[in-house]
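J.:
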Amino acid sequence: MSLILAFCCLLAWFTFTQRVSTELALREGFSIYSLDTDGGERPVGCIYTYTNGEEFKQGVGPCELEECIQITDEAYRAMKPGAYYSCPLGLCRSSDCKASGLTLKCWKPETASVTARHLGQGR
């Protein structure tokens, strides 16, 4: 009986913590550039931007040690959609994408509407 009660408590706790983290990750107005790779979508850098139509702010985004593509926003905007590149892979440490010494094949999506990944959509 106590095992069932412990399981129910754990299930309730897990559901609550997942809901809280999802709500934090789904706030409207936050976005970050992303590139497609063979291993899935990766953010460009580690800083999300926020806009509500009136104000524009930048702030820290992905979790510590999340993989990121270590290029500038300017380099991202200069990339040709659908062309393959060798991109430097990094790990987010606070607001910096620190080089990992690895590279991977990446490409900018062909559709402009998917070039900025909104929090909670992607991966």
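Read in order, the letters of the sequence shown are residues -19 to -1, 1 to 104 in mature numbering (1 follows the signal peptide of the UniProt record, and there is no 0). Ideal Cβ placement from N, Cα and C applies to all residues, glycine included.
Which residues in the same chain as Q51 place their Cβ atom closer than 6 Å to its Cβ, once the five residues preceding and following it in sequence are excluded?
T.: So the list reads P69, G71, C78 and A80, once near-sequence residues are dropped.
J.: Determine which residues share a DSSP beta bridge with D17 and list them.
T.: The partner list for D17 (beta bridge, DSSP) reads E22 and W88.
J.: Among Y29, Y31 and P62, which residue has its Cα nearest to the Cα of E91?
T.: Minimum Cα distance to E91 is reached at P62.
J.: Taking E45 as part of the beta strand (DSSP E), name the residues at either end of that continuous run.
T.: Looking at the DSSP string, E45 is not in any beta strand (DSSP E), and its letter there is neither H nor E.
J.: On the CB-based measure, 16 or more other CB atoms within 10 Å of its CB, does L46 come out buried or exposed?
T.: Counting Cβ neighbours within 10 Å, L46 comes out exposed, since fewer than 16 surround it.
J.: Given that a residue counts as buried once 16 or more other Cβ atoms are within 10 Å of its Cβ, and exposed if not, what is S75?
T.: S75 comes out exposed.
J.: Report the residue from E35, S15 and E9 whose alpha carbon sits nearest the alpha carbon of I28.
T.: Out of E35, S15 and E9, S15 has the C-alpha closest to the C-alpha of I28.
J.: Where do the ends of the beta strand (DSSP E) carrying P69 lie?
T.: It spans Y65 to R74 - the beta strand (DSSP E) in which P69 sits, taken as one unbroken run.
J.: Could you check which residue in E9, R58, D54 and L83 has the C-alpha nearest to that of T32?
T.: It is E9.
J.: Considering only C-alpha positions, which residue in the set K89, D19 and T30 is nearest to R58?
T.: Among K89, D19 and T30, the Cα nearest to that of R58 belongs to K89.
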